[in-house]
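Down below is the structure, laid out as structure tokens.
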Ligand SMILES: [Zn+2]
Ligand SMILES: [Zn+2]
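Structural data, given as structure tokens:
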């Protein structure tokens, strides 16, 4: 079965927000082979029990009153103005991700950016200089021992962790980082 396409989160399996699972979805009552394991904002608790199809078509939002990205976290980084439709698409129909602190969804070119994934030192080396520069920029640190120590300490699973985004229009990479 092909996973639905999320324009703001193109590889939710790669980013770890969606996992292969035999769990039954509480929204459609089907075990479809994948389950969402990211944050769910709702009155009731929905941990690891919503399938990505019900996120993509908005039915999980409608049936459960759930959102998957805190709408307050979208565009915390800058002055971009997003439409209500863009914010609804990200918060109601896009898989979120778990950070150590309040998550932030990066924006660029008057749109939400696509979430690429979490990264530590090793992942950033693989992603290349533009990704490293985006993370360094988000720290405000100049080249020097302080930046090098922080860069070396970045870890996808332990923190501090970097979160990478890519603009859907101009492909500029954006990032932020946090730690426990
Ligand atoms: Zn479902
Ligand atoms: Zn852009």
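Numbering (the numbering used here), first residue to last: 9 to 188.
Note that the Cβ used here is the ideal one computed from N, Cα and C, for glycine as well.
For residue i, the three-state DSSP class (helix, strand or coil)
i: residue 11; result: coil
i: residue 108; result: coil
i: residue 122; result: strand
i: residue 76; result: coil
i: residue 34; result: coil
i: residue 89; result: coil
i: residue 153; result: helix
Bounding residues of the alpha helix (DSSP H) (the contiguous stretch that carries residue i)
i: residue 186; result: Taken as a continuous stretch (DSSP letters only), residue 186 belongs to no alpha helix (DSSP H), being part of the beta strand (DSSP E) at 181 to 186.
i: residue 96; result: 92 to 101
Residue j beta carbon less than 8 angstroms from that of residue i
i: residue 18; j: residue 122; result: yes
i: residue 14; j: residue 48; result: no
i: residue 115; j: residue 83; result: yes
i: residue 174; j: residue 131; result: no
Range covered by the beta strand (DSSP E) that runs through residue i
i: residue 18; result: Counting along the chain, residue 18 falls outside any beta strand (DSSP E), and DSSP gives it neither H nor E.
i: residue 58; result: Counting along the chain, residue 58 falls outside any beta strand (DSSP E), and DSSP gives it neither H nor E.
Alpha-carbon spacing of residue i relative to residue j, whole angstroms
i: residue 153; j: residue 188; result: 22 angstroms
i: residue 61; j: residue 99; result: 15 angstroms
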